[in-house]
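Position in the sequence shown counted from 1, then plus 32, gives you my numbering. Using N, Cα and C, we set each Cβ at its ideal position, and we do this for glycine too.
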Amino acid sequence: MNRRHRTILVTGGAGFVGSHLATLLKRDREGAKVIAFDNLKRRGSELALQRLARAGVAFVHGDVRQAGDLAEAGAFDLLVDCSAEPSVHAGYDGAAEYLVDTNLGGTVRCLEAARRHGADVLFLSTSRVYPIAGLRGLPLARLGDRLDLVPEAGGPGWSHAGIACEFPLAGARSLYGATKLASELLVHEYGAMYGLRTVVDRCGVLTGPWQMGKVDQGFFVLWAARHLYGGPLAYMGFGGEGLQVRDVLHVEDLHGLVDRQLASIERHAGCTYNVGGGRERSLSLRELSALCGRRIEAVKAIGGMADTAPADVPWYVTDARPAQDAAGWMPERSLDAILDEVFRWLTDHRSMLEPILGMSGGHRTSERGLESEA
Ligand SMILES: NC(=O)c1ccc[n+]([C@@H]2O[C@H](COP(=O)([O-])OP(=O)(O)OC[C@H]3O[C@@H](n4cnc5c(N)ncnc54)[C@H](O)[C@@H]3O)[C@@H](O)[C@H]2O)c1
33 MNRRHRTILV TGGAGFVGSH LATLLKRDRE GAKVIAFDNL KRRGSELALQ
83 RLARAGVAFV HGDVRQAGDL AEAGAFDLLV DCSAEPSVHA GYDGAAEYLV
133 DTNLGGTVRC LEAARRHGAD VLFLSTSRVY PIAGLRGLPL ARLGDRLDLV
183 PEAGGPGWSH AGIACEFPLA GARSLYGATK LASELLVHEY GAMYGLRTVV
233 DRCGVLTGPW QMGKVDQGFF VLWAARHLYG GPLAYMGFGG EGLQVRDVLH
283 VEDLHGLVDR QLASIERHAG CTYNVGGGRE RSLSLRELSA LCGRRIEAVK
333 AIGGMADTAP ADVPWYVTDA RPAQDAAGWM PERSLDAILD EVFRWLTDHR
383 SMLEPILGMS GGHRTSERGL ESEA
């Protein structure tokens, strides 16, 4: 633990990742003040407020687009930036303003606040910084119920171990990915110019209890919820067979890494890491269906839609070895353990969660299938 971090501001602190990090950072730092800052835009984020209060985390209702709101949060010596419009599909409908203002403008406002207070910064970025065409161009073949790289294949920044930070960055990546990449550059630029210690974690798919899964973000939880509560499910894109692959990391395993990075932040300052569960925790949607099917009684019918959404990619597995080596960290939870925990949580809190995650949840569920995202 870094004793300098006595007041921690977690933006997006009522969101899935932010609320977990805020409560766990508070749990491990006796006497430290942890503030969760959130505008509660994400449906379901309001459910985090009780958990935050129980954990002793202060809450400030504010918007990262507003410098005045951030000023109201007061001084801090560590910023953990988890606020975002986190869907890679955002903006394709022509409504880009909120996405850009929050994901890029909001980062600038946060960095300005960090600069004023001389705070360290840990920024949650995404695997979506890697270009869509580059990822779609990987040589893949069907292997059982999933796509995988063909044997012996490898190239700059990619191998059977996954996608590394060296993966070429030229090409379009969605506005979500672009705002995150631009934010990463600014985060480290503020570090270099103003002497802030900055760390960027580019995460693949994160999951765990209290993720308010939507069709376009948080597929692991939504897939489990639809199996348990009912509601439409369809494989979407790449032929509609559910062969696309992602790796998954439990949010508490992410915390394990973040905790280590913060403890020796001088060693990680200026660094960008790919963070994810890796090949061992990778699966296709089809394989996820099989795992869910083992946990329910009825057989669930799953449709297929061949059309591929513009930002979707068929295969993303994180090569997290540099992050592991630099921090001496390894994820602990297996896919089965993660899914068991998610099913338990969905069962225990059914009345609270079903309106959000079930068939009647207003999460653009209707006739759309499920895309894969990070
Ligand atoms: N969950 C994943 O699989 C994943 C993967 C890669 C990267 N990330 C990144 O991790 C971070 C957290 O993602 P998450 O999954 O917790 O998403 P989330 O939607 O659950 O949390 C984001 C929070 O930010 C808040 N927010 C949105 N706009 C805001 C604004 N203008 N001002 C203040 N708060 C605002 C939302 O209300 C929400 O509570 C994001 O930066 C996301 O890009 C997440």
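(Q) Could you tell me the alpha carbon to alpha carbon distance between residue 220 and residue 71, rounded to whole angstroms? (A) In a straight line, the C-alpha of residue 220 is about 25 angstroms away from that of residue 71.
Q: Report the three-state DSSP secondary structure of residue 178 (helix, strand or coil).
A: Secondary structure of residue 178 (DSSP, three-state): strand.
Q: Could you tell me if the beta carbon of residue 284 falls within a distance shorter than 7 angstroms of some heavy atom in ligand 1?
A: No.
Q: Work out the CA separation of residue 330 and residue 354 for me, nearest whole Å.
A: Using only the alpha carbons, I get a separation of about 43 angstroms.
Q: Let me know the secondary structure DSSP gives residue 379 once reduced to three states.
A: In this structure, residue 379 counts as helix in the three-state DSSP scheme.
Q) Is the CB-CB distance between residue 160 and residue 206 below 8 angstroms? A) The answer is yes: Cβ separation under 8 angstroms.
Q) Which term fits residue 379, buried or exposed, when burial requires 16 or more other beta carbons within 10 angstroms of its beta carbon? A) Exposed, because fewer than 16 other Cβ atoms sit within 10 Å of the Cβ of residue 379.
(Q) Quick check: residue 97 and residue 158, are their CB atoms within less than 8 angstroms of each other? (A) No.
Q) If we call anything under 8 angstroms between Cβ atoms a contact, is residue 340 one with residue 306? A) No, the Cβ-Cβ distance between residue 340 and residue 306 is not below 8 angstroms.
Q: Please name the residue, chosen from 91, 249 and 229, that lies closest to residue 122 on a Cα-to-Cα basis.
A: Of the residues 91, 249 and 229, the one whose Cα lies closest to the Cα of residue 122 is 249.
Q) The alpha helix (DSSP H) with residue 56 in it runs from where to where? A) Residues 48-59.
Q. CB of residue 44 to nearest heavy atom of ligand 1: below 7 angstroms?
A. Result yes, Cβ under 7 angstroms from ligand 1.
Q | residue 231 to residue 292 span [Cα, whole Å] | A | Straight-line measurement puts the Cα of residue 292 at about 12 angstroms from the Cα of residue 231.
(Q) In whole angstroms, give me the CA-to-CA distance for residue 187 and residue 194. (A) Straight-line measurement puts the Cα of residue 194 at about 11 angstroms from the Cα of residue 187.
Q) Could one say the Cβ of residue 56 lies closer than 8 angstroms to chain D's Cβ atoms, at least one of them? A) Judged by its chain identifiers, the structure shown contains no chain D, having just a single protein chain.
(Q) Out of 36, 265 and 46, which one is the CA nearest neighbour of residue 150? (A) Closest by C-alpha distance to residue 150, out of 36, 265 and 46, is 36.
Q | Buried versus exposed call for residue 216 [16 or more other C-beta atoms within 10 Å across all chains shown] | A | The residue is buried, with at least 16 neighbouring Cβ atoms inside 10 Å.
Q: Starting from the Cα of residue 156, find the closest Cα among 290, 120 and 361 and give me that residue.
A: A check of alpha carbon separations from residue 156 across 290, 120 and 361 identifies 290 as the nearest.
Q: Go through its chain and collect everything with a Cβ distance to residue 165's Cβ below 8 angstroms, but skip five positions before and after it.
A: The answer, listed in chain order, is 203 and 204.
(Q) So for residue 154, helix, strand or coil by DSSP? (A) If DSSP states are grouped into helix, strand and coil, residue 154 belongs with the strands.
Q: Express the C-alpha separation of residue 360 and residue 298 in angstroms, rounding to a whole number.
A: Rounded to the nearest angstrom, the two C-alpha atoms are 15 angstroms apart.
Q: Output the distance between the C-alpha atoms of residue 400 and residue 268, rounded to the nearest integer angstrom.
A: At residue 400 the pLDDT is 38, less than 50, meaning the model places this residue with poor confidence and gives no usable figure here.
Q.
Measuring alpha carbon to alpha carbon, tell me which residue in 119, 105, 79 and 100 is nearest residue 39.
A. 105 is the residue among 119, 105, 79 and 100 whose C-alpha sits nearest the C-alpha of residue 39.
Q) Given 8 angstroms as the limit, is there contact between the stretch 81-88 and the stretch 166-180, that is, 3 or more CB pairs closer than that? A) Judged by Cβ distances under 8 angstroms, the stretch 81-88 makes no contact with the stretch 166-180, as fewer than three pairs qualify.
Q: Would you grab the beta carbon distance between residue 92 and residue 67 for me? Rounded to a whole angstrom, and I think it's under 8 angstroms.
A: Indeed, because the Cβ distance is near 6 angstroms, the residues count as touching under 8 angstroms.
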